[in-house]
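Residue numbers (the working numbering), protein chains in the order written: chain A, 578 to 1058; chain B, 817 to 1039.
Beta carbons: idealized from backbone N, C-alpha and C, even for Gly.
Quick caveat, the model's predicted, so the values are computed rather than measured.
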Amino acid sequence: MNDATFLGMPAFPAAAAGALRDSQLRGNLARATGTIRSRRAAAVSEQDDWEHLREAGRAVKERTLRHLDRYLLQLEEKVTAAGGTVHWARDAEEARRIVVGLVQDTGEREVVKVKSMVTQEIGLNDALADAGIDAYETDLAELIVQLGQDHPSHILVPAIHRNRAEIREIFLRSMGAYGTAAPADLNDDPRRLAEAARRHLREKFLRAKVAVSGVNFLVAETGTAVVVESEGNGRMCLTLPETLISVAGIEKVIPTWQDLEVFLQLLPRSSTGERMNPYTSTWTGTRADDGPRAFHLVLVDAGRTEALSDPVGRQVLNCIRCSACLNVCPVYERVGGHAYGSVYPGPIGAVLSPQLRGTASEVDRALPYASSLCGACYEVCPVKIDIPEVLVHLRARVVEDGRGRLVPKPERLAMAAARWVISRPARLTAAQRAGAVAARLVARRGRVGRLPGPLSRWTDTRDAPVPPAETFSAWWKRTRR
Amino acid sequence: MTIRRKEPEMNARTEVLDRIRRALADVPASERPQDVPVPRRYSHGGAPPTGSAAAVELLAERLAEYGASVHLVSTQDAASRLGRLVAGLGPGPVVVPRGFPPEWRSTLDPDRVLTDVPALPVAELDRAGAVVTTVAAAIATTGTLVLDGGPGQGRRALTLVPDVHVCVVRARQVMASVPEALAALRPARPLTFVSGPSATSDIELDRVEGVHGPRTLAAVVVT
Ligand code: SF4
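Structure representation (structure tokens):
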């Protein structure tokens, strides 16, 4: 049940409080998200047809999800015809077992990995380790997280909470234990740090026989898999080994090759703020003279069909993991990714995790409240996921599940955290935005009315008083040094 | 693969598909995928026209912005300019894939040229100083070069392991937009879209060039 939860993670309010105390983390985050926000804005403003692309992206995803069974079957047929093998996993445990088994079949004891949210979600590395298989993360940020024995805190840049000085220390301390050590005179120049990672991973790439990857898109019509990346570690993993195992959530499929033109324009600009990321690889099955001789595609459900069964919540499966919503979120910027207790942090995590994992745990019940409903996430989302709408919808569900209790305690605390965030200089703007969102929801009452839990209940929930004992901001003032 | 593992997997397939169908109970049985409208009002490209001077200029500008060096050369000068460029790259063998145009290849120092026939082991690619290839297409707006493993481009490892990648692009291959390029490319081939040298934004979200892929990308555009 805890497959996707960081074990021992405190629920959002407690974790958020801890993160708020850490001024280094807040400084690192604010700097990084500030940089990426302006880069994204510039990249998007260049693209005159941005709103049309967003609408097309949303519509393609809607079409896919409403006919998901058909597209998965088509994908399976095409991948198989091109020499690949398709596996299906109902849950995380099954997915882990399939991947571990496939690696064991090759007789190899190590694999190189390229960034994949879903393998983190299913806890693959631990399962590989239990089977005596070393898994080397090759994405620079993943490497930093792995060497630092840390948790990822951002979708695109899992080590966003680390600054260059910390990265230098981690490299100096830990690289030697896993292979080529960092040079003794390593300084914190990002160029030198990248160079150290290049040298550290090079021998691993050149000798690797098995790679495990995620995918960004799977094209049903052609059986083509797509990986979007920057560093070239993806190309190394996809090209040099003899066996490639790609793990993908079932929502990664898109109908046609033409549909890819929409996402290859939306994703880089939303994600890194580039016109195009340095490398995009596409491959269809296997080829005798180029790349891996064996290709396995593992399609994972692990709660996705649960999300799919909710006509309002379904839209979160549109997500292309660009992380734009994290970078604009005032709550995320203050509390960081770890507070969300999941590999999916920020606004998308707040709406995705409770749907994938259910709302049984305190963490997952609190997540829909980890937001001030300012609406900035919806505005930047390249596939137009109405995150505020889903948050409100999930809050209603949490309240229903709470049977009688208007707002359960951890949820109140999460709201207090979110409230504290907007009660700062940005308060007015944020409140105005929240008002706009509410107006939007009311205006579409017909749709909201179908939610389990009436709108009035939501209004009550939203205006529920801050817990009396100590407000978040009072706590903040008291504990702030 | 053992029977032990295969059996439950078959069940998993059926069960996941069943779950999906149950989850989509609100979708009318008569609805077809094409009944869900996908408005494609975004630009499909076409301006500047493929191969035009404006398209080439835009490609050059965008590639340069991402840290690639760009050389615009005339057809007559192409061979000699390529020869000089590669000669100036520093030591080490230069990998040249099968099918690379002989008129361009002839200007490269024959003592340095390594051909991928039979396939070079990866350690040898690692010792190479550079690789010289053609491309399948180029996208001006995004500063992208696309390789599809066709003649003159070689298998993917060739353009990945050596630290310098020199690409020769013909003006007529330069299209304005992503949709135009995707329509012209063949998905059955393994495709690599290259937009500048390898880079990372993983350290404080600042772009740093040069991680695992070639750290130097040079484009010779023949106009
Ligand atoms: S929800 Fe939207 S903005 Fe957030 S990561 Fe997913 S696609 Fe990007």
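Anyone know if the C-beta pair for residue i and residue j falls short of 8 Å?
| i | j | result |
| --- | --- | --- |
| residue 814 of chain A | residue 689 of chain A | yes |
| residue 970 of chain B | residue 1005 of chain B | no |
| residue 749 of chain A | residue 736 of chain A | no |
| residue 861 of chain B | residue 992 of chain B | yes |
| residue 665 of chain A | residue 944 of chain A | no |
| residue 820 of chain A | residue 781 of chain A | no |
| residue 904 of chain B | residue 945 of chain B | no |
| residue 811 of chain A | residue 803 of chain A | no |
| residue 934 of chain A | residue 880 of chain A | yes |
| residue 947 of chain B | residue 929 of chain B | no |
| residue 1014 of chain B | residue 854 of chain A | no |
| residue 951 of chain B | residue 902 of chain B | no |
| residue 938 of chain B | residue 924 of chain B | no |
| residue 662 of chain A | residue 1003 of chain B | no |
| residue 886 of chain A | residue 838 of chain B | yes |
| residue 601 of chain A | residue 998 of chain B | no |
| residue 677 of chain A | residue 791 of chain A | no |
| residue 832 of chain A | residue 788 of chain A | no |
| residue 710 of chain A | residue 687 of chain A | yes |
| residue 1001 of chain B | residue 953 of chain B | yes |
| residue 830 of chain A | residue 630 of chain A | no |
| residue 824 of chain A | residue 672 of chain A | yes |
| residue 739 of chain A | residue 961 of chain A | no |
| residue 801 of chain A | residue 868 of chain A | no |
| residue 949 of chain A | residue 927 of chain A | no |
| residue 918 of chain A | residue 903 of chain A | no |
| residue 637 of chain A | residue 854 of chain B | yes |
| residue 723 of chain A | residue 714 of chain A | yes |
| residue 698 of chain A | residue 920 of chain A | yes |
| residue 940 of chain B | residue 667 of chain A | no |
Can you tell me which of the options puts its alpha carbon nearest to the alpha carbon of residue i?
| i | options | result |
| --- | --- | --- |
| residue 965 of chain A | A:946, A:976, A:978 | A:946 |
| residue 1080 of chain A | A:708, A:852, A:616, A:889 | No statement about residue 1080 of chain A is possible, as the shown extent of chain A runs from 578 to 1058 and does not include it. |
| residue 1028 of chain B | A:779, A:900, A:789 | A:779 |
| residue 978 of chain A | A:938, A:700, A:914 | A:938 |
| residue 1020 of chain B | A:798, A:767, A:788 | A:767 |
| residue 901 of chain A | A:635, A:726, A:848 | A:848 |
| residue 989 of chain B | B:879, B:857, B:871, B:1025 | B:871 |
| residue 949 of chain B | B:961, B:957, B:940, B:942 | B:961 |
| residue 967 of chain B | B:932, B:916, B:940, B:996 | B:916 |
| residue 877 of chain B | B:1009, B:831, B:956, B:1030 | B:956 |
| residue 1026 of chain B | A:795, A:717, A:843, A:851 | A:717 |
| residue 879 of chain B | B:1009, B:1017, B:1001 | B:1009 |
| residue 692 of chain A | A:793, A:959, A:948 | A:793 |
| residue 1035 of chain B | B:986, B:922, B:1017 | B:986 |
| residue 1041 of chain B | B:984, B:964, B:1017 | Limits of chain B in this structure are 817 at one end and 1039 at the other, which puts residue 1041 of chain B out of reach. |
| residue 996 of chain B | B:859, B:908, B:926 | B:859 |
| residue 895 of chain A | A:704, A:958, A:741, A:651 | A:958 |
| residue 670 of chain A | A:651, A:639, A:649, A:705 | A:705 |
Just grab the DSSP bridge partners of residue i for me.
| i | result |
| --- | --- |
| residue 826 of chain A | A:877 |
| residue 864 of chain A | A:867 |
| residue 662 of chain A | A:873 |
| residue 788 of chain A | A:689, A:821 |
| residue 806 of chain A | A:856 |
| residue 986 of chain B | B:1038 |
| residue 1033 of chain B | B:981 |
| residue 991 of chain B | B:955 |
| residue 714 of chain A | A:690 |
| residue 963 of chain B | B:1008 |
| residue 949 of chain B | B:983 |
| residue 887 of chain B | B:1036 |
| residue 930 of chain B | B:911 |
Could you tell me if the beta carbon of residue i falls within a distance shorter than 7 Å of some heavy atom in the ligand ATP?
| i | result |
| --- | --- |
| residue 922 of chain A | For the ligand ATP, the structure offers nothing, since it holds only the ligand SF4. |
Quiz item: With a cut-off of 8 Å, do at least 3 Cβ pairs link the segment 600-614 of chain A to the segment 905-923 of chain A?
Solution: yes
Exercise. Quick one: which residues of the segment 663-696 of chain A get their C-beta closer than 8 Å to a C-beta of chain B? List them in chain order.
Key: 664, 665, 666, 667, 671, 674, 675, 678, 682
Exercise. Indicate whether the contact test is met: 3 or more Cβ pairs, each with one atom in the segment 975-990 of chain B and one in the segment 761-771 of chain A, closer than 8 Å.
Key: no
Quiz item: Which of the residues in the segment 854-878 of chain A, read from start to end, lie with their CB under 8 Å from any CB of chain B?
Solution: 854, 855, 856, 857, 858, 859, 860, 861, 864, 866, 867, 868, 876, 878
Quiz item: Can we say the segment 912-923 of chain A touches the segment 723-739 of chain A, given the rule of at least three CB pairs closer than 8 Å?
Solution: yes
Quiz item: Which of the residues in the segment 803-820 of chain A, read from start to end, lie with their CB under 7 Å from any CB of chain B?
Solution: 807, 808, 809, 810, 812, 813, 816, 817
Exercise. Would you be able to state if there are at least three C-beta pairs under 8 Å between the segment 838-852 of chain B and the segment 639-659 of chain A?
Key: yes
Self-check item: chain A contacts from the segment 880-891 of chain B (Cβ-Cβ distance under 8 Å)
Solution: 882
Quiz item: Listed from N- to C-terminal order along the chain, which residues in the segment 932-944 of chain B have their beta-carbon within a distance smaller than 8 Å of any beta-carbon of chain A?
Solution: 935, 938, 939, 942
Quiz prompt | Contact set between the segment 778-792 of chain A and chain B, restricted to residues whose Cβ is under 8 Å from the partner | solution = 778, 779, 782, 783
Quiz item: Taking any Cβ of chain A, which residues in the segment 1002-1025 of chain B have a Cβ under 9 Å from it, in chain order?
Solution: 1003, 1004, 1005, 1006, 1007, 1008, 1009, 1010, 1011, 1012, 1013, 1014, 1015, 1016, 1017, 1018, 1019, 1020, 1021, 1022, 1023, 1024, 1025
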